[in-house]
Amino acid sequence: MNAGDDHRELGWAHGALTVQRLGAMLAPVTFLLADGRQISPMHIAPWANEPEAEALPGILRRLRGEWPCVPFGYSVPAEGWPESWARVMGPPEPGEEIHGHSSNHDWTWRDSKSGSLSLVLDYPQGSSVERVERTVIPDPLAPAIDIEFKIVVRRACRLPIGLHPVFRLPFETGAATLELGGFDEGRTYPHDVEPGTALFARNKTFAELTSVPSRAGGVVDVSRLPLAADTEELLQIEGLDGTAALTNHEDGYRVELSWQKEHFPSLLLWYSNRGRKAAPWNGRHVAIGIEPICSPFGLGPATALADNPIAQSGIATALEFSLEKPFVTRYRIEASAL
Numbered sequence: 001m002n003a004g005d006d007h008r009e010l011g012w013a014h015g016a017l018t019v020q021r022l023g024a025m026l027a028p029v030t031f032l033l034a035d036g037r038q039i040s041p042m043h044i045a046p047w048a049n050e051p052e053a054e055a056l057p058g059i060l061r062r063l064r065g066e067w068p069c070v071p072f073g074y075s076v077p078a079e080g081w082p083e084s085w086a087r088v089m090g091p092p093e094p095g096e097e098i099h100g101h102s103s104n105h106d107w108t109w110r111d112s113k114s115g116s117l118s119l120v121l122d123y124p125q126g127s128s129v130e131r132v133e134r135t136v137i138p139d140p141l142a143p144a145i146d147i148e149f150k151i152v153v154r155r156a157c158r159l160p161i162g163l164h165p166v167f168r169l170p171f172e173t174g175a176a177t178l179e180l181g182g183f184d185e186g187r188t189y190p191h192d193v194e195p196g197t198a199l200f201a202r203n204k205t206f207a208e209l210t211s212v213p214s215r216a217g218g219v220v221d222v223s224r225l226p227l228a229a230d231t232e233e234l235l236q237i238e239g240l241d242g243t244a245a246l247t248n249h250e251d252g253y254r255v256e257l258s259w260q261k262e263h264f265p266s267l268l269l270w271y272s273n274r275g276r277k278a279a280p281w282n283g284r285h286v287a288i289g290i291e292p293i294c295s296p297f298g299l300g301p302a303t304a305l306a307d308n309p310i311a312q313s314g315i316a317t318a319l320e321f322s323l324e325k326p327f328v329t330r331y332r333i334e335a336s337a338l
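In structure tokens, the structure reads:
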């Protein structure tokens, strides 16, 4: 192997994984379950190997699995937003990239301990972030992967950040269940994620995934996946205990994500359910993003740093970073048989 390898693979007693340099994205992942079956829970975009994908932005080119986003989100126009949001929504920063520099560029392989893969990415000189580092460590004793993520800054700053795990869904409607446990409050997106595909009422709150306010009136159960509707939607969940799980009844497994809630006080749920019809999505993208974040719906740094409605409620939407103490967070993806 050499430092220019586009991707590297790692096998262990309980599975095999691949990490690519582009976005440092983790997938495919195969877990060997205790009952002897092999399962692959991470999503890979259907266009990932199509020649046309080479012209796409970095984040979309070979979209797959799980990766870190610094800063998390991207700016959107304030037109049509509720006043409480529109007043804090600023224009994109110069050079702004969707979900940050880390999501769109080739990382560099680093030396790491046997049984792990490690990468680093230097940020442009003008950025407050100096570099990010990521180490992927399969658990030698289990069908599980531990991930360590580090942010080193050039100067003290506040930034929205997020993790971006995207999981594969079964073909049959409702054949998987999203399990969050108890949470304080959920919020629907205050606008349309994708025009013409909205499923949820705008800017509402809810207490259960089984009763999210619907755009058509009444409520909708969004705990069973994939959804029947062609939709592209986001929900933000507050007050979770730092764990979420997806049970795939069709394939007979459960995959659990756990994270440090002190770093990521919210969870963003990305329902990508055939809602985007333009290329490269072409109405064929079906997946669930289960994304620990410190951000307001991924609305970009300007909104995250402002006194937005989520920050006003006491939930942090940006983290403090200092020169004295590099930021390090750890999280885990673990599979088990049903």
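Note that the sequence shown ends on residue 338 in the UniProt record's numbering; no numbers are left out.
For every residue, glycine included, the Cβ atom is placed at its ideal position computed from N, Cα and C.
Considering just the uninterrupted stretch of the beta strand (DSSP E) at R64, what are its terminal residues? Unbroken run through R64: none, as it is neither H nor E.
Closest Cα partner of V79 within the set W281, E262, T243 and H191: Sequence check: residue 79 is Glu here, not Val. The shortest C-alpha to C-alpha distance from E79 to any of W281, E262, T243 and H191 is the one to H191.
Strand pairing of E271, partner residues [DSSP]: Per the sequence shown, residue 271 should be read as Tyr rather than Glu. Answer is E233 and I288.
Considering only C-alpha positions, which residue in the set F327, E324, L305 and S313 is nearest to Y74? L305
Selection from G65, F327, S266 and S103 that minimises the alpha carbon distance to D184: Nearest C-alpha to D184: S266.
Length of the line joining the Cα atoms of L338 and W12: 22 Å
In whole angstroms, what is the alpha-carbon distance linking I39 and A198? Between the alpha carbons of I39 and A198 lies a gap of roughly 32 Å.
On the criterion of 16 or more Cβ atoms from any shown chain inside 10 Å, does residue 421 qualify as buried, or is it exposed? With the chain represented from 1 up to 338, any question about residue 421 goes unanswered, as that position is not in the structure.
Would you report the Cα separation of E238 and A316, rounded to the nearest angstrom? 10 Å
For the candidate residues G58, W270, E52 and V76, whose alpha-carbon lies nearest to that of A302? V76
Please report how far the alpha carbon of Q236 lies from the alpha carbon of S114, in whole angstroms. Each residue's alpha carbon lies about 38 Å from the other.
Evaluate Q312 with the Cβ neighbour count: other Cβ atoms within 10 Å of its Cβ, from every protein chain shown; 16 or more gives buried, anything less gives exposed. The residue in question, Q312, is exposed, as its Cβ has fewer than 16 Cβ neighbours within 10 Å.
Nearest-angstrom Cα separation, counted from D307 out to G90: Roughly 12 Å separates the two Cα atoms.
Around the Cβ of S84, are there at least 16 other Cβ atoms within 10 angstroms (buried) or fewer (exposed)? exposed
Straight-line CA distance for Y189 to A86? One C-alpha to the other measures close to 13 Å.
When A245, P140, A144 and M42 are compared against F167, the one with the closest alpha-carbon: M42
Going by C-alpha to C-alpha distance, which of K204, Y123 and V219 sits closest to T210? V219
Specify, as a first and last residue, the run of the beta strand (DSSP E) that A244 falls within. From DSSP, the beta strand (DSSP E) with A244 extends over T243 to N248.
Since L163 and W259 should fall inside the 8 Å C-beta cutoff, what is the C-beta to C-beta distance between them, to a whole number of angstroms? 7 Å
According to DSSP, is I151 part of a helix, a strand, or is it coil? Of the three classes helix, strand and coil, the one that applies to I151 here is strand, per DSSP.
Should I288 and L268 be called a contact, given that it needs their Cβ atoms to be closer than 8 Å? no
To which residues does DSSP link R254 through a beta bridge? T247 and S336
N-terminal and C-terminal residue of the alpha helix (DSSP H) that A176 is part of: Run containing A176: none in the alpha helix (DSSP H); it sits in the beta strand (DSSP E), A176 to E179.
Identity of the residues DSSP links to L319 by a beta bridge: Per DSSP, the beta-bridge partners of L319 are L159.
Range of the contiguous alpha helix (DSSP H) that encloses S84: E83 to A86
Among P82, H263, H285 and E9, whose alpha-carbon lies nearest the alpha-carbon of A48? H285
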